[in-house]
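Below is one structure, written out as structure tokens; the observations come after it.
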């Protein structure tokens, strides 16, 4: 039955990632930790590998519609790859429960920032 959960998670997160422009980790990581009881580092590592397919398909679709700014892509891709190496090493060195709290705090901060931005836009 676990495979059914993975399939549903993949479909939902893949659709949300492409629709909302998120990497999918915002959905995959909490779902793997909460629903499937993954350790935080394993959830993050699994999510990063799974996201590769989601990102490639979503990026190709946006590219076909002319919605990719290639001048921005290259510096972000190169420095993002370097940051990915550094962040992965740090994530593996941190206690899983501390990393889980850090991830949760990050999600809360992003949600607050987006809600405030939406509220400001509505008043303008």
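Numbering (my numbering), first residue to last: 28 to 151. Cβ atoms here follow ideal geometry from the backbone N, Cα and C, with glycine treated the same way.
Checklist line | Completely contained alpha helix (DSSP H) runs for the segment 56-136, where each covers 4 or more residues | finding: Contiguous alpha helix (DSSP H) elements confined to the segment 56-136 occur at 67-91, 97-120, taking only those with 4 or more residues.
Margin query: Is it buried or exposed, residue 133, if we count other Cβ atoms within 10 angstroms and call 16 or more buried?
Written below: Exposed, since its Cβ has fewer than 16 Cβ neighbours within 10 Å.
Margin query: Using 8 angstroms for Cβ pairs, my map puts residue 69 next to residue 41. What's the rounded Cβ distance?
Written below: About 20 angstroms; that fails the 8 angstroms criterion.
Checklist line | As assigned by DSSP and simplified to three states, the class of residue 139 | finding: In the structure shown, the three-state DSSP call for residue 139 is helix.
Check: Among the residues of its own chain, which have a CB less than 7 angstroms from the CB of residue 59, if the five just before and after it don't count?
Finding: Excluding sequence neighbours, residue 59 sits near 65, 70, 73, 74.
Check: Going straight from the alpha carbon of residue 99 to that of residue 107, what length do you get?
Finding: Going from the Cα of residue 99 to the Cα of residue 107 covers about 12 angstroms.
Next item on the list: Using only alpha-carbon positions, find the residue among 120, 102, 56, 122 that is nearest to residue 76.
Entry: Comparing Cα-Cα distances from residue 76 to each of 120, 102, 56, 122, the minimum goes to 56.
Item checked: Reference residue 43; option with closest CA among 31, 79, 30, 85 -> Out of 31, 79, 30, 85, 85 has the C-alpha closest to the C-alpha of residue 43.
Next item on the list: Taking the CB atoms as reference points, tell me whether residue 129 and residue 137 lie closer together than 9 angstroms.
Entry: Against a cut-off of 9 angstroms, the Cβ pair of residue 137 and residue 129 comes out as no contact.
Item checked: Reduced DSSP secondary structure (H/G/I, E/B, other) of residue 49 -> Residue state, collapsed to three classes: coil.
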